[in-house]
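The structure appears below as structure tokens.
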Amino acid sequence: RAASLDALEGQYGIAYTNLSSGRFVLTEVSGSNALLTEIERIKPAEILLPDGATVAAQVIKHPALRKRPVWEFEQENAERLLVAHFKTKDLTPFDCTELHLALQAAGCLIQYAKETQRSDLPHIQGIQVEQQSDCVILDAASRRNLEIDSNLTGGRSNTLLATLDTCATAMGSRLLSRWLNRPLRNHAELNKRQNMVAALQSDYRFETCAKTLQGIGDMERILARLGLRTARPRDLARLRDSLAMLPALQSQMAAVACPELHALAEQIAEFPNQQGLLQRALEENPPVVIREGGVIAQGFDAELDELRNLSSNAGQFLVDLELRERERTGVSTLKVGYNRVHGYYIEVSKGQASAEFPAEYVRRQTLKNAERFITPELKEFEDKVLSANSKALAREKALYDELLETLALALNALLASAEAIASLDVLQSFADRATALNYCRPTLSDSRGIAIIEGRHPVVEIVSEETFIANDTELDAKQKILIITGPNMGGKSTYMRQTALIVLLALCGSCVPASAATIGPIDRIFTRIGSSDDLAGGRSTFMVEMTETANILHNASADSLVLMDEIGRGTSTFDGLSLAWSAAVYIAEQLQAFTLFATHYFELTALPETYDNITNVHLDAAEHDSGIVFLHSVKTGPANQSYGLQVAQLAGIPASVIDSAREKLTELEREAANVTPAESASAKPASPGAAAQADDPFQAELFGPSSHPALECLEKLNPDEVSAREALAILYELKKKIEP
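In terms of the working numbering, the sequence shown opens at residue 3 and continues consecutively.
The structure is reproduced here in structure tokens:
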């Protein structure tokens with residue numbers, strides 16, 4: 003997969019192609035963050051840039067950047083190349099004439115692909131345009147944190163794709179990955195997908211469909227090699243077997259009362275002529291390559307059969323010759339043989355080589371224990387057979403090339419059918435997972451909001467040995483932000499991720515792991531979860547966290563879904579609390595995005611007192627025998643404590659450390675509870691949350707105000723009982739107490 007990129011004043015045009023499938027796509031984005039998001043989604047093996055494009059190169063930092071001459075990105079040159087390739091008058095049929103930067107990138111890409119492949123790339127049949135407004139945008143951090151098709155260690159296990167992928171074909175699996183990485187905003191298109199999934203679920207029709215699809219090979223890649231004329235014999239055999247399954251697939255889809263499935267079936271032709279040709283032309287199990295023959299079936303070509311007969315009858319001729327020469331010479335050990343270097347020969351042992359042989363015996367080779375001869379008759383036979391072999395191989399190669407050319411005439415229709423088959427495969431996989439895992443069909447609404455009843459994490463519920471606790475999520479105009487508190491290991495991150503994954507699945511056309519779900523318009527999904535540094539980029543963990551937070555605050559809208567976990571934990575307590583507080587307030591006041599905001603700063607639970615669109619929820623837990631039991635259920639209101647020591651104990655922290663920490667915690671809580679009125683007056687809270695905590699300090703402040711000797715002295719002082727001389731003495735004493 004290769005991509006090409008052109009830029010102008012912060013606008014980027016991207017063209018990318020997958021030569022194995024023939025897809026050729028154009029899109030345009032604005033800003034470096036959007037560019038990185040697209041590169042992360044496309045995952046190109048190499049990226050082409052115009053020579054001198056230093057800004058784009060600094061933004062991307064891809065290991066396989068290729069600099070190309072600037073003239074290859076000129077629009078006139080690009081349009082000329084594309085029009086010539088697609089054999090059209092202009093590019094109007096592809097609806098891409100306004101994408102100037104993307105077209106310039108496309109011109110370079112098509113030229114580069116033809117140079118490297120040494121082919122005209124006939125399997126690239128058209129241009130697909132991807133508009134950013136058509137899909138839900140996920141940035142690189144969100145794709146990573148949600149583990150859509152790659153887990154946090156870079157593998158495929160325990161990902162959303164691995165959970166959903168029961169596709170019967172490789173091209174279905176690839177399309178499923180593309181759908182998951184590019185959710186749609188078009189509810190009409192999504193409802194069509196849902197209707198087809200529901201129809202396939204009816205009477206378990208997806209099972210029959212899957213069995214038929216299992217007989218279909220990777221047509222996309224076979225057809226790509228056919229277009230490049232590099233298809234091997236076994237590729238054509240797989241294509242033959244795949245085409246043979248299409249009539250059964252058509253009849254199965256015709257039996258389903260679903261207009262959308264019927265429309266999809268119309269895109270799948272049956273190709274009886276091509277299948278019949280392959281059936282007649284190919285051996286049942288042809289070899290890997292054509293050069294050694296044995297690919298074209300017996301009876302397909304009379305000339306080839308005649309040439310093969312010369313070779314196949316050679317064995318009997320040699321047997322007869324050997325018997326005849328033994329009788330003629332009286333040498334019982336005489337035998338006729340063949341090797342690639344010297345051809346056919348008559349061999350006698352060294353002990354009998356002294357016998358008299360006929361005059362036509364010409365010595366060809368002397369070995370340690372034998373002599374080898376050639377006769378005019380054997381030489382004539384050799385010339386005829388070897389000539390027949392080479393002619394047969396040449397004829398077979400010519401027939402094979404002719405077969406490729408004949409099949410290529412139907413390449414457009416074959417590619418369209420392969421694309422429709424891949425779509426059907428994804429839909430049957432959706433139906434299979436929905437049935438097996440008890441998913442429900444979500445309702446797609448035009449009203450803003452997210453309502454999930456008994457939602458579950460699609461991956462965790464499968465891999466977990468314990469029963470998964472389902473939870474509700476309600477986000478609407480009155481409840482835009484959920485402040486989520488609770489203990490570590492309580493399930494906050496799982497709850498947040500499951501909400502995002504349920505929304506994502508609904509916007510791919512899949513059923514979702516819930517009892518019911520209603521999803522309104524969503525334009526972006528953001529996540530700020532987990533912690534990791536970027537050593538290569540010179541960024542600390544906290545810097546990565548702040549960069550991701552800044553991206554959210556700059557780009558989220560009222561239709562965005564935002565997941566923010568533990569904002570501010572990478573710095574000092576007061577700095578972190580202030581940042582988390584301000585970010586939550588900014589989202590509530592300015593962005594009004596649907597937000598799940600997990601935190602251990604309990605001061606943030608005071609925000610609902612000021613903002614009507616913020617609500618507190620917590621993950622429940624209970625203490626039992628000095629331990630902790632995580633209930634994993636979401637309850638309204640804030641958590642009553644963090645259970646940090648209990649979680650540390652579960653993690654295996656030494657008992658002595660836990661005991662010491664418990665003593666220190668008791669000391670801190672006692673100090674917080676004994677704050678005097680004077681101290682409270684002198685310690686002005688930094689926020690309404692801090693003021694709320696001063697009234698009801700359910701969490702001890704690590705850096706709470708400490709008592710000052712001068713204040714203690716003033717508290718004990720009664721001014722009515724002090725003379726003027728005593729007052730002056732006390733004043734001097736206080737002066738000494740406050741001096742450094």
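The beta-carbon is built from N, C-alpha and C at its ideal position, and this holds for glycine as well.
According to DSSP, which residues form a beta bridge with residue i?
| i | result |
| --- | --- |
| L565 | T529 and L598 |
| D220 | According to DSSP, which records beta bridges pairwise, D220 is partnered with nothing at all. |
| S253 | None, per the DSSP bridge assignment. |
| H459 | H459 is not bridged to any residue. |
| R70 | P52 |
| A372 | S351 |
| E625 | I630 |
| S6 | A17 and L50 |
| C137 | L186 |
| C442 | V514 |
| H620 | T487 and K637 |
| T29 | I16 |
| T520 | T445 and A453 |
Where do the N-terminal and C-terminal ends of the beta strand (DSSP E) with residue i fall, by residue?
| i | result |
| --- | --- |
| F359 | Unbroken run through F359: none, as it is neither H nor E. |
| T19 | Q13 to N20 |
| P473 | It should be pointed out that residue 473 corresponds to Asn in this sequence rather than to Pro. Per DSSP, N473 belongs to the beta strand (DSSP E) from N473 to L477. |
| Q367 | V364 to T368 |
| N275 | That residue, N275, is in no beta strand (DSSP E); its alpha helix (DSSP H) goes P274 to A283. |
| N341 | K337 to N341 |
Short of 6 Å in beta carbon distance, which residues of its chain neighbour residue i, apart from the five on each side in sequence? Order them along the chain.
| i | result |
| --- | --- |
| K686 | Confidence is the limiting factor: at K686 the pLDDT is only 39, short of 50, which leaves the residue's position unreliable, though a coordinate-based value still follows. No residues qualify anywhere along the chain. |
| A641 | T487, G488 and H620 |
| Y441 | C513, V514 and P515 |
| T573 | F544 |
| I126 | G24 and F26 |
| E262 | K194, N197 and M198 |
If the criterion is Cβ atoms closer than 8 Å, does the pair residue i and residue j meet it?
| i | j | result |
| --- | --- | --- |
| V619 | L484 | yes |
| R526 | Q500 | no |
| L406 | R236 | no |
| R82 | C110 | no |
| L215 | T171 | yes |
| S562 | F604 | no |
| Q203 | A433 | yes |
| Y340 | L380 | no |
| P124 | A410 | yes |
| F596 | I452 | yes |
| A142 | L279 | no |
Using C-beta distances below 8 Å, list every residue in its chain close to residue i, excluding the 5 sequence neighbours before and after it, in chain order.
| i | result |
| --- | --- |
| A683 | Bear in mind that a pLDDT of 38 at A683, under 50, signals an unreliable position, so the model cannot answer this. |
| L103 | D8, A9, L10, Q13, Y14, G15 and E30 |
| R328 | S334 and L336 |
| A680 | Here A680 scores only 41 on pLDDT, less than 50, and its place in the model should not be relied on; the value that follows carries that caveat. If we look at A680 and ignore the five residues flanking it on each side, its Cβ neighbours are L713, L716 and E717. |
| I49 | A4, A5, S6, L7, I41, I62, H64, A66, L67 and R68 |
Check each candidate in the options and name the one with the smallest Cα separation from residue i.
| i | options | result |
| --- | --- | --- |
| A246 | M221, E476 and C510 | M221 |
| Q471 | T551, H87, F632 and T597 | The question names Gln, but residue 471 in the sequence shown is Ile. The option with the nearest alpha carbon to I471 is F632. |
| S419 | G332, G174 and Q318 | G174 |
| L647 | K666, K637 and V636 | K666 |
| P52 | R43, R68, R3 and F544 | R68 |
| V462 | L503, V428, G451 and N490 | L503 |
| T90 | I112, C137, L409 and G128 | G128 |
| Q643 | H602, L312, Q196 and E373 | H602 |
| I218 | N197, R240, T210 and V338 | R240 |
| R43 | R146, S580 and A390 | R146 |
| F208 | D614, A438 and A608 | A438 |
| G24 | F88, S34 and V72 | F88 |
| T607 | A650, D141, W583 and P523 | W583 |
Could you give the residue range of the alpha helix (DSSP H) that holds residue i?
| i | result |
| --- | --- |
| G317 | A316 to T331 |
| E463 | V462 to V465 |
| L166 | L162 to L166 |
| A200 | H189 to Q203 |
| F544 | T543 to N557 |
| G345 | Premise fails: G345 lies in the beta strand (DSSP E), G345 to S351, not in any alpha helix (DSSP H). |
| G33 | No alpha helix (DSSP H) holds G33; DSSP gives it neither H nor E. |
| R180 | A172 to N183 |
| F383 | P378 to A410 |
| Y114 | H102 to Q119 |
| G649 | Inspection of the sequence shows that residue 649 is occupied by Val rather than by Gly. That run of the alpha helix (DSSP H) goes G646 to L652. |
Tell me which same chain residues have a C-beta within less than 7 Å of the C-beta of residue i, skipping the five on either side of it?
| i | result |
| --- | --- |
| T335 | V350, S351 and Q354 |
| D698 | Reliability fails at D698, whose pLDDT of 43 lies under 50, so the model's placement of it is uncertain and the value that follows must be treated cautiously. Excluding sequence neighbours, D698 sits near nothing in its chain. |
| A283 | I298, A299, F302 and L405 |
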